[in-house]
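Peer 1:
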Amino acid sequence: MKRSLIILLSSTLWLGYTAKAQVLTSLQEVGTPELAQKREALKESVMTSYLGIKNSLVKSDSLGAVKFATELIANLNQFKFKKLSLEKMNEATTTRKEMIELAQSIAATKSINKQRSEMDKLSVKMWSVIERFKPEKTSLYKQVCPMTGTTWISDDIAIQNPYYPKNMLTCGEVKASI
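Numbered according to mature numbering (1 follows the signal peptide of the UniProt record, and there is no 0), the sequence shown spans residues -21 to -1, 1 to 157.
(1) In the structure shown, what three-state DSSP assignment does Ile138 receive?
(2) Kindly indicate which residue of Met26, Asn34, Lys38 has the alpha-carbon position closest to the one of residue 237.
(3) Which first and last residues belong to the alpha helix (DSSP H) in which Glu77 is found?
(4) What is the DSSP secondary structure of Gln1, reduced to helix, strand or coil?
(5) Taking the C-alpha atoms as reference points, what is the distance between Phe112 and Lys22?
(6) Report yes or no: is there a C-beta of chain B within less than 8 Å of the C-beta of Phe112?
(7) The beta strand (DSSP E) with Ser133 in it runs from where to where?
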């Protein structure tokens, strides 16, 4: 009886430990409070740049989109993925490279229509690795325009469609949140 109880308690503690280990904070990713603070600041910079592009497109501000896309490129170039298996690391690194190329396309043009086209692709890529870029105390929403299927990420649950702000500013729905 005593031995069974010890085994049961050991199993329970082990299961509790593995469940907590699956959710990584910045501190768990890098190990020290100083590095965690820097990592969290970089995550915030990545998301601020992305959201800046989105908000510029809502306002039809192509120059603002260029500015924030340039910032996003710099932030993504600094970002290193942590605590991933080799396979996941390769996938995430490839996705980051593709995101940089899409941001470069946005930064390279003043055509708002071209920027919007690239933003849709960037948003899909960003959402696929969003758990790595999401700042700890921020809620993010995957939003989709049901008429076109275009996707974007917002830090506000209220819909502001960056693809059709003049005619369909509030056209969209929240498909997921993190």
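By construction, the Cβ of each residue, glycine as well, lies at the ideal position given by its N, Cα and C atoms.
Peer 2: With the given structure in hand:
(1) coil
(2) Residue coverage of the chain in this structure runs from -21 to 157, which leaves residue 237 outside it and unanswerable.
(3) 65 to 86
(4) The pLDDT assigned to Gln1 is 37, lower than 50, so where the model puts this residue is not dependable, and the model offers no usable value.
(5) 5 Å
(6) Going by chain labels, chain B is absent from the structure shown, which holds only one protein chain.
(7) 130 to 133
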